[in-house]
Amino acid sequence: MPRAKSKRRQQAGHLLMVPVDWLEERSGLVGGLKYFLFRKVPRDSNWFHTLGSATLTAFIVQTVTGVVLAFYYKPSPDEAYASIQFITNDLTLGWLVRGMHRWGASVFIILLFLHMGRVFLFGAYKYPRELNWLLGVGLLVLAMLEGFTGYLLPWDQTAYWATVVGINLNATAPFLGPFLSDFLRGGQEIGTETLSRFYSMHMLLIPGGLIGLIVLHLYLVIRLGVTSPPWSDEAAGRERAEVVTAKRGLVEPRPRGDGSVPSPSEGTLTGEGPR
Amino acid sequence: MVELLPEGEKVVSNEQERAYFKRYKEDVRERGKPFFPYAMFHDTVMSLVVVCVIVALTCVWYFTSGEEAGDAGILGPRYADEADPGTTSFVPRPDWYFYFLFYLLRIFKWPDSVILGTVGIPTIALILLLVLPFIDRRRERRILRRPVAVVAALLVIASMGILTYKGATAKESLAGENVELVDEWAQVQGLSEEGIEGATLFAQIGCLNCHTYLGAGTPNLGAPDLSEIGASGQTAEEFSAYVANPAEFGNNVMPSYESQGEEVLRLLGIFLEESKGEGGG
Numbered sequence: 001m002p003r004a005k006s007k008r009r010q011q012a013g014h015l016l017m018v019p020v021d022w023l024e025e026r027s028g029l030v031g032g033l034k035y036f037l038f039r040k041v042p043r044d045s046n047w048f049h050t051l052g053s054a055t056l057t058a059f060i061v062q063t064v065t066g067v068v069l070a071f072y073y074k075p076s077p078d079e080a081y082a083s084i085q086f087i088t089n090d091l092t093l094g095w096l097v098r099g100m101h102r103w104g105a106s107v108f109i110i111l112l113f114l115h116m117g118r119v120f121l122f123g124a125y126k127y128p129r130e131l132n133w134l135l136g137v138g139l140l141v142l143a144m145l146e147g148f149t150g151y152l153l154p155w156d157q158t159a160y161w162a163t164v165v166g167i168n169l170n171a172t173a174p175f176l177g178p179f180l181s182d183f184l185r186g187g188q189e190i191g192t193e194t195l196s197r198f199y200s201m202h203m204l205l206i207p208g209g210l211i212g213l214i215v216l217h218l219y220l221v222i223r224l225g226v227t228s229p230p231w232s233d234e235a236a237g238r239e240r241a242e243v244v245t246a247k248r249g250l251v252e253p254r255p256r257g258d259g260s261v262p263s264p265s266e267g268t269l270t271g272e273g274p275r
Numbered sequence: 276m277v278e279l280l281p282e283g284e285k286v287v288s289n290e291q292e293r294a295y296f297k298r299y300k301e302d303v304r305e306r307g308k309p310f311f312p313y314a315m316f317h318d319t320v321m322s323l324v325v326v327c328v329i330v331a332l333t334c335v336w337y338f339t340s341g342e343e344a345g346d347a348g349i350l351g352p353r354y355a356d357e358a359d360p361g362t363t364s365f366v367p368r369p370d371w372y373f374y375f376l377f378y379l380l381r382i383f384k385w386p387d388s389v390i391l392g393t394v395g396i397p398t399i400a401l402i403l404l405l406v407l408p409f410i411d412r413r414r415e416r417r418i419l420r421r422p423v424a425v426v427a428a429l430l431v432i433a434s435m436g437i438l439t440y441k442g443a444t445a446k447e448s449l450a451g452e453n454v455e456l457v458d459e460w461a462q463v464q465g466l467s468e469e470g471i472e473g474a475t476l477f478a479q480i481g482c483l484n485c486h487t488y489l490g491a492g493t494p495n496l497g498a499p500d501l502s503e504i505g506a507s508g509q510t511a512e513e514f515s516a517y518v519a520n521p522a523e524f525g526n527n528v529m530p531s532y533e534s535q536g537e538e539v540l541r542l543l544g545i546f547l548e549e550s551k552g553e554g555g556g
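Chains as they are written, first to last, in the working numbering: chain A, 1 to 275; chain B, 276 to 556.
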């Protein structure tokens with residue numbers, strides 16, 4: 001009896017695999033996912049390395065809440081403010097969605113800076129990851145533009161006057177300045193045209209750019225791998241001679257002392273001594 | 276950021292760089308840990324923390340504030356009053372992560388240098404950020420052996436921090452306080468009846484958010500001091516026309532005040548014409 005049961009279970013297992021195999025045969029996506037999940041990362045990668053994915057999480061929060069907000073938000077000067085009030089005060093859980101979008105923006109920016117600081121600290125922008133640093137700077141700029149364009153949308157006094165100043169600042173740029181501010185304003189005054197433009201840029205143009213850059217950024221992270229903490233004794237790619245110097249005490253003072261959080265999983269794969 | 280090279284160290288050649296990366300790949304392949312579950316566990320925990328922080332901020336923001344516009348809780352109001360292009364007394368304030376730019380503009384407050392604050396310094400900073408990996412070509416990654424990089428990073432963090440803090444705590448002059456100064460201005464400048472009316476409007480509609488006048492106001496965006504503007508010999512009509520549409524006179528920074536209406540513009544013009552400074556009058 002138990003044998004028959006396990007056989008049935010085996011068959012069920014095969015049946016489950018049918019769609020997976022179907023997909024794999026036609027796209028290779030399953031293999032890609034397997035590669036993504038089971039690829040090796042440096043054994044000394046730690047909590048510092050989570051800042052990038054944390055930033056991505058904040059971006060996903062922005063995307064999801066942004067889509068929901070777009071269901072109810074009305075991008076015209078006559079209705080925008082009322083629709084924001086409706087979302088915040090009357091819509092079920094609307095306050096949560098709008099609040100998460102608003103505060104998620106700040107968290108997103110903070111995490112971007114922290115992630116950039118980590119990359120700088122680790123010297124992770126060096127060969128062969130220069131291109132990914134450039135993509136990262138592009139992401140930072142686009143994120144700040146998201147902040148600028150999104151700030152106008154509630155159409156309250158804060159939003160309006162900050163945008164007036166922001167657009168006037170653009171106008172001071174040599175050559176391009178006046179064109180840029182005319183383009184942003186969409187006319188003589190900040191009004192219907194401006195709000196539509198900012199809305200379109202905020203939810204189509206810039207997010208599109210962000211998503212594109214994020215895909216490239218992640219592609220390079222997976223292709224090139226992440227750098228080990230520079231203070232690590234077993235940093236991947238270290239010169240063997242460096243280990244000897246470290247043992248002699250020349251690099252000794254800072255092996256793990258500067259605020260690094262040793263990861264709980266660290267040491268689970270021990271048994272292999274340093275080569 | 277061209278770093279001082281420690282003795283005996285050379286700028287790496289391409290071959291050394293390639294050799295390093297080959298070693299890196301080998302080390303990771305042979306001794307690395309799989310992304311799942313190790314790194315993914317960390318990432319998941321961190322992502323949950325991020326979402327929780329966002330929700331917590333939202334709850335504090337929402338539950339400590341009220342439905343009324345401007346009814347601020349610990350983290351500010353849900354919204355300010357509805358946008359009204361007619362009121363100019365509103366003090367513009369960007370989101371916090373633009374405070375450093377916002378304050379930069381106060382440092383470069385003279386008309387000739389304002390462009391440094393609005394475009395110059397941010398552009399230079401962005402270019403430096405972009406070329407960083409091409410300037411700093413050494414392979415050394417240990418922070419204590421990158422003195423120039425460390426100093427540069429600390430300077431950037433310190434200046435961004437200070438600018439953000441200053442931007443956050445910058446005080447704007449309040450319309451109410453400014454109006455109380457009108458009597459004093461009238462005495463110093465010898466203002467006429469209509470000049471005093473103009474001065475009151477000047478204090479109320481927010482001119483002092485960018486301009487200074489006899490020591491009052493906060494200089495911003497390169498706006499000049501107006502205490503002696505009348506000594507320039509321009510007529511009240513000319514001043515009115517300028518305030519109505521500064522862009523026509525080549526000033527792209529100052530917004531148009533045309534929406535204030537002709538009467539306000541006329542009185543402002545008279546006030547500005549009569550403002551000849553302490554020596555004038």
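Just so it is clear, CB atoms sit at the ideal spot from N, CA and C, and this is done for glycine as well.
- Against chain B, the beta carbon of Pro178 of chain A has neighbours under 7 Å at Asn527, listed in chain order.
- The alpha-carbon of Phe38 of chain A is positioned some 39 Å away from that of Ala400 of chain B.
- Around Leu216 of chain A, the same chain offers Leu135 as residues with beta carbons nearer than 8 Å, after the five sequence neighbours per side are excluded.
- Any Cβ of chain B closer than 9 Å to the Cβ of His49 of chain A would place that residue at the interface, and such an atom is present.
- With 16 or more other Cβ atoms inside 10 Å of its own Cβ, Asp156 of chain A counts as buried.
- Per DSSP, Val164 of chain A is one residue of the alpha helix (DSSP H) stretching across 157-171.
- Per DSSP, the unbroken alpha helix (DSSP H) holding Glu459 of chain B starts and ends at 457-464.
- Under the 8 Å Cβ criterion, the region 55-64 of chain A does not count as touching the region 80-94 of chain A, having fewer than three qualifying pairs.
- Distance from Thr50 of chain A to Val394 of chain B at the Cβ level is roughly 36 Å; contact not present, criterion being Cβ atoms closer than 8 Å.
- Distances from the alpha-carbon of Ser106 of chain A to those of A:Pro19, A:Phe148, A:Arg118, A:Leu69 put A:Phe148 closest.
- Collapsing the DSSP output to three states places Thr227 of chain A in coil.
- With fewer than 16 other Cβ atoms inside 10 Å of its own Cβ, Pro312 of chain B counts as exposed.
- Contact between Ile418 of chain B and Val426 of chain B fails: their C-beta atoms lie close to 11 Å from each other, not under 8 Å.
- Listed in chain order, the positions of the region 390-411 of chain B with a beta carbon within less than 8 Å of a beta carbon of chain A are Ile390, Thr393, Val394, Leu401, Leu404, Leu405, Leu407, Pro408, Phe409, Asp411.
- Nearest to Pro397 of chain B by alpha-carbon distance, out of B:Phe377, B:Cys327, B:Ser322, is B:Phe377.
- The beta-carbon distance between Leu466 of chain B and His486 of chain B, rounded to whole angstroms, is 17 Å. This is too long to meet the 8 Å contact definition.
- DSSP, reduced to helix, strand and coil, places Ala70 of chain A within a helical segment of the structure shown.
- Trp22 of chain A counts as exposed, since fewer than 16 other C-beta atoms from the protein chains shown sit within 10 angstroms of its C-beta.
- Within the region 315-330 of chain B, the residues whose Cβ lies closer than 8 Å to any Cβ of chain A are, in chain order, Met315, Phe316, His317, Asp318, Val320, Met321, Ser322, Val324, Val325, Val326, Val328, Ile329, Val330.
- Within the model, the alpha-carbon separation for Ser531 of chain B versus Ala506 of chain B is close to 23 Å.
- The Cβ-Cβ distance between Ala236 of chain A and Arg43 of chain A falls below 9 Å.
- Under a criterion of Cβ atoms nearer than 7 Å, no residue of chain A is adjacent to Val539 of chain B; the nearest Cβ is some 17 Å distant.
- Contact annotation: Leu489 of chain B and Val518 of chain B have beta-carbon atoms that are not nearer than 9 Å.
- Across the region 90-104 of chain A, CB contacts with chain B closer than 8 Å involve Trp95, Leu96, Gly99, Met100, Arg102, Trp103, Gly104, in sequence order along the chain.
- Around Met144 of chain A, the beta-carbon contacts reaching into chain B at under 9 Å are Tyr372, Phe373.
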